[in-house]
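Residue numbers for the sequence shown, in my numbering: 19 to 514. We treat Cβ as the ideally placed atom computed from N, Cα and C, and that holds for glycine.
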Amino acid sequence: MFKLGQNLLYKKCATDLKITRRFVGNFETNYHLFTKYFGLNQNRAKEFIERQKLSEKPTETIVKVVDFCEKLGFSKKEILKNPSILRAHPSTLDQYYNVMIEGGFKVITIKGLSKFRSLSQKDVRTLKMHGFIDHNTNVTKSFMAHLNPRAENLVINHDDSVELWCHVHLKVLSHYLKWRLQVTDEEILRFIKIHPQIKRKSLKYVCDNINQAEELGFPLAKILKYGYILHTHPKNFKEILEKFPVLAGVSTKKAVRMYPKLLTTTASSVQKIHDTLKKHNIRDEAIARRLNIFYLSPETVEFRLNELQRVADFKVLLYNPNILKLVVHHNRAKSRLTFLKELQLKCATVSVLGIDNIKFDDHIREGRDENSFTDTYSFLKGIFKKDIEDFEFTLKKHPYYLQVPLTAMEDTFHYLESEKFSNNSIFSVICILLYPKEKIKKSFKQIRQYELQTKKKLTQVNKLNLALYFIEKEHHFSGDGVWTKNEVVEESVHTS
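Structure (structure tokens):
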């Protein structure tokens, strides 16, 4: 049993990055944690993990819970005797612990903490009778003592002993939010209905969240609108600001006003996601356009980026500064790609896969099968590492420069690379990328015959220009050489 003073609050974050990394570094799996740290034998550890349904629980999260419990003075033995506590999230336990202190609990055992939900449903009289709360404690006043700032005219007079403890908490919270955010009873009721988790949050943390949001420039109306701001943990954003004052070249304080949900993530999550994005060569320019990428879990970001790498139609878009649209809205993008293929529309780009539903429906209705300027230019800029101004004029001379799928252009580029053509040579004849590699192969045979007949050794640039000549000669230099035979048939059907 661990006795606590009313002012003893959880001061050091249970998810402190340095501590957690040190701790997690020693325990790579849950099995390892329970055998090495808790001293369970192999069979007992395996049985414990299975019985408590911890096999899918991230080891890092369990470690944070253990770290939190030990900071409160709970022993390893107590933790094992109350295993349900290991299934909780550390920040949830922190909220429970603090709200119990605020509500007058004088003694908080590990068993009491693990059964917070059931204890909070008891009436105050019962909790006093069982010694959880002193008989002379006014629970309402105890809660109100933790409000900051506190309104001088905020008075709640009633006999709380006959009320459920959770109802007393909710009553104080509701009255305070009504005063602090200058809203009506109806708005508070609507807010609680949308965000029921606020019923179990620490009043001190709620106050800290409001104060922090105001410092960041959020008006009171926006604080209520973005309700998740109120029930997050205030330490989260403080840690993010400390570790990332600038995020992808954007002031983090400014970023959070554009993406308020950043207040709910953690420094650890931001770090992991940032590292993952850099590992996949996602530039700051792209990250800054979609800072809501940090709303996702690190595991989700990793999985979705890996999937983009595996799917050719997605992989070719990785140079696009808006590529993170396809990570944030990944399932929608996959569904649209499948739909486009069913319709035999070949130009699947970020501009199409990432637009809103109304614009996408318009795109389909009109039967447009083309890339946007941004998609095409981003692809070429990415593979050649050149500025748009260096190739825009040349590329625009071709009538179909937006109609060739990027996957086909990439296929041709890789073919030319395999034929030992340098990037500079390909770039000098950039329109060659619009043509199918099978036609280019055929033209290369003609070029070899030309070299044998003339006994001239052509430069790479001359070969590519001559390849364009041979291909387009068959189409009267109309630009139609970019189409395969099947595509020519399709084009004639659509235009007839």
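Q | Cβ pair count under 8 angstroms reaching 3, the region 192 to 199 against the region 160 to 177 | A | yes
Q: Please work out which residues of its chain come closer than 8 angstroms, Cβ to Cβ, to Gly497, disregarding the five sequence neighbours upstream and downstream, and give them in chain order.
A: Stepping through the sequence shown from its first residue, residue 497 is reached at position 479. Cβ neighbours of Gly497 beyond the five flanking positions: His416, Pro417, Tyr418 and Glu490.
**Q.** Close beta carbons around Val83, own chain, < 6 angstroms, minus the five adjacent residues each side
**A.** What you label residue 83 is simply residue 65 of the sequence shown in a count that begins at 1. Contacts found: Leu104 and Pro108.
Q.
With the cut-off set at 8 angstroms, would you say His187 and Gln215 are in Cβ contact?
A. As a position in the sequence shown, residue 187 is number 169, starting the count at 1. As a position in the sequence shown, residue 215 is number 197, starting the count at 1. Not closer than 8 angstroms, so no.
Q.
Tell me whether the region 215 to 228 and the region 169 to 182 touch, counting them as touching only if at least three CB pairs, one residue from each stretch, are closer than 8 angstroms.
A. no
Q: Report the partner residues of Val268 according to the DSSP bridge assignment.
A: Sequence index remark: in the sequence shown, residue 268 carries index 250 (1-based). Looking at the DSSP assignment, Val268 forms a beta bridge with Leu265.
Q | Given Asn310 as reference, the closest of Asn299, Arg301, Lys297 and Val288 once Cα atoms are compared | A | Counting from 1 along the sequence shown, the entry for residue 310 is found at position 292. It is Val288.
Q. In angstroms, rounded to a whole number, what distance separates the CA positions of Arg275 and Arg62?
A. Taking the first residue of the sequence shown as 1, we reach residue 275 at position 257. Taking the first residue of the sequence shown as 1, we reach residue 62 at position 44. If you take the alpha carbons of Arg275 and Arg62, they lie about 50 angstroms apart.
Q: Alpha carbon to alpha carbon, how far is Phe397 from Ala366? Give it in angstroms, no decimals.
A: Working through the sequence shown from its first residue, we reach residue 366 at position 348. Working through the sequence shown from its first residue, we reach residue 397 at position 379. Going by the C-alpha atoms only, they are around 13 angstroms apart.
Q: Would you kindly work out how many angstroms separate the C-alpha atoms of Lys253 and Gln113, rounded to a whole number?
A: Start at 1 with the first residue of the sequence shown, and residue 253 comes out as number 235. Start at 1 with the first residue of the sequence shown, and residue 113 comes out as number 95. Those two C-alpha atoms are separated by around 12 angstroms.
(Q) Assuming contact is defined by CB atoms lying nearer than 8 angstroms, are Ile210 and Ala231 in contact in what I supplied? (A) Here the question's residue 210 lines up with position 192 in the sequence shown. Here the question's residue 231 lines up with position 213 in the sequence shown. No, Cβ-Cβ distance for Ile210 and Ala231 is not below 8 angstroms.
Q. Within the chosen definition, does the region 335 to 344 reach the region 301 to 309 through at least 3 CB pairs nearer than 8 angstroms?
A. yes
Q. Can you tell me where the alpha helix (DSSP H) with Ala98 in it begins and where it stops?
A. The residue given as residue 98 occupies position 80 in the sequence shown. The sequence shown places Leu at residue 98, rather than the Ala named in the question. It spans Lys94 to Lys99 - the alpha helix (DSSP H) in which Leu98 sits, taken as one unbroken run.
Q | Range of the contiguous alpha helix (DSSP H) that encloses Arg466 | A | Here residue 466 refers to the residue found at position 448 of the sequence shown. Element bounds for Arg466: Lys455 to Thr472.
Q.
DSSP has Lys141 in a bridge; who is on the other side?
A. Here residue 141 corresponds to residue number 123 of the sequence shown, with the count starting at 1. In the sequence on display, residue 141 carries Asp and not Lys. For Asp141, which the question treats as bridged, DSSP gives the partners Leu182.
Q) Is Arg198 closer than 8 angstroms to Ile174 when the C-beta atoms are compared? A) The residue given as residue 174 occupies position 156 in the sequence shown. The residue given as residue 198 occupies position 180 in the sequence shown. For Ile174 and Arg198, no; Cβs fall outside 8 angstroms.
Q | Coil, strand or helix - Val334 by DSSP | A | For this step, residue 334 is matched to residue 316 along the sequence shown. If DSSP states are grouped into helix, strand and coil, Val334 belongs with coil.
Q | Straight-line Cα distance separating His298 from Asp387 | A | Here residue 387 refers to the residue found at position 369 when the sequence shown is read from its first residue. Here residue 298 refers to the residue found at position 280 when the sequence shown is read from its first residue. If you take the alpha carbons of Asp387 and His298, they lie about 29 angstroms apart.
Q: For Ala169, count neighbouring C-beta atoms within 10 Å of its own C-beta (all shown protein chains included) and say buried if the count is 16 or more, exposed if not.
A: Your numbering for residue 169 matches position 151 in the sequence shown. Exposed: under 16 other Cβ atoms inside 10 Å.
Q. Leu281: buried (16+ other C-beta within 10 angstroms of its C-beta) or exposed?
A. Counting from one through the sequence shown, the residue named residue 281 turns up at place 263. So Leu281 counts as buried.
Q.
Contact defined as beta carbons within less than 8 angstroms: I believe Ile458 pairs with Tyr433. What is the distance between those atoms, to the nearest angstrom?
A. Translated into positions along the sequence shown, residue 458 becomes position 440. Translated into positions along the sequence shown, residue 433 becomes position 415. About 7 angstroms; that satisfies the 8 angstroms criterion.
Q) According to the neighbour-count rule (16 or more other Cβ atoms, all chains shown, within 10 Å of its Cβ), is Lys222 buried or exposed? A) The count along the sequence shown starts at 1 and reaches residue 222 at position 204. By the neighbour-count rule (16 or more Cβ atoms within 10 Å), Lys222 is buried.
Q.
Please give me, in chain order, every unbroken run of the alpha helix (DSSP H) with length at least 4 that falls completely inside the region 297 to 345.
A. 302 to 307, 316 to 328 and 330 to 333
Q) Where does Ser132 land, buried or exposed, given buried means 16+ other C-beta within 10 angstroms? A) As a working note, residue 132 is residue 114 in the sequence shown. Flag for Ser132 reads buried.
**Q.** Alpha-carbon spacing of Lys364 relative to Ser286, whole angstroms
**A.** Along the sequence shown, one-based indexing puts residue 364 at 346. Along the sequence shown, one-based indexing puts residue 286 at 268. If you take the alpha carbons of Lys364 and Ser286, they lie about 40 angstroms apart.
Q. By Cβ distance below 7 angstroms, which residues in the same chain neighbour Gln362 in space, the five residues on each side in sequence not counted?
A. Here the question's residue 362 lines up with position 344 in the sequence shown. Around Gln362: no qualifying Cβ.
Q: Rounded to whole angstroms, what's the CA-CA distance from Lys399 to Asp405? Just pull it up for me.
A: For the purposes of this step, residue 399 is taken as the residue at position 381 of the sequence shown. For the purposes of this step, residue 405 is taken as the residue at position 387 of the sequence shown. Distance between the alpha carbons of Lys399 and Asp405 is about 6 angstroms.
**Q.** CA nearest to the CA of Ser78, picked from Lys279, Ser93, Arg308 and Tyr49
**A.** Reading the sequence shown from its first residue, position 60 is the one you call residue 78. Here residue 78 is Glu; the residue named in the question, Ser, does not match the sequence. When only C-alpha atoms are compared, the closest one is Tyr49.
Q. For Thr294 versus Pro316, is the C-beta spacing smaller than 8 angstroms?
A. As a first step, residue 294 must be located in the sequence shown, where it is residue number 276. As a first step, residue 316 must be located in the sequence shown, where it is residue number 298. For Thr294 and Pro316, yes; Cβs fall inside 8 angstroms.
Q | Helix, strand or coil at Val125 according to DSSP, with G and I counted as helix | A | The count along the sequence shown starts at 1 and reaches residue 125 at position 107. In this structure, Val125 counts as strand in the three-state DSSP scheme.
Q) Bridge partners of Ile151, per DSSP? A) One-based indexing of the sequence shown puts residue 151 at position 133. Partner(s): Phe123.
Q.
In whole angstroms, give me the CA-to-CA distance for Phe41 and Phe52.
A. Within the sequence shown, the letter at position 23 stands for residue 41. Within the sequence shown, the letter at position 34 stands for residue 52. Summary for Phe41: the model assigns pLDDT 41, below 50, so the residue's position carries little reliability, and this model does not support an answer.
Q) What did DSSP end up calling Phe41 once you bin it into helix, strand or coil? A) The count along the sequence shown starts at 1 and reaches residue 41 at position 23. Because the pLDDT at Phe41 is just 41, under 50, the model does not fix this residue reliably, and the value given afterwards should be weighed accordingly. Three-state result, Phe41: helix.
Q) Is there contact between the region 322 to 333 and the region 342 to 357, where contact requires at least three CB pairs shorter than 8 angstroms? A) yes
(Q) Please confirm whether Lys189 has its beta-carbon closer than 8 angstroms to some beta-carbon of chain D. (A) The displayed structure is made up of one protein chain only, and chain D is not part of it.
Q: Assess, as a yes-or-no matter, whether the region 93 to 103 is touched by the region 137 to 155 under the definition of 3 or more beta carbon pairs within less than 8 angstroms.
A: no
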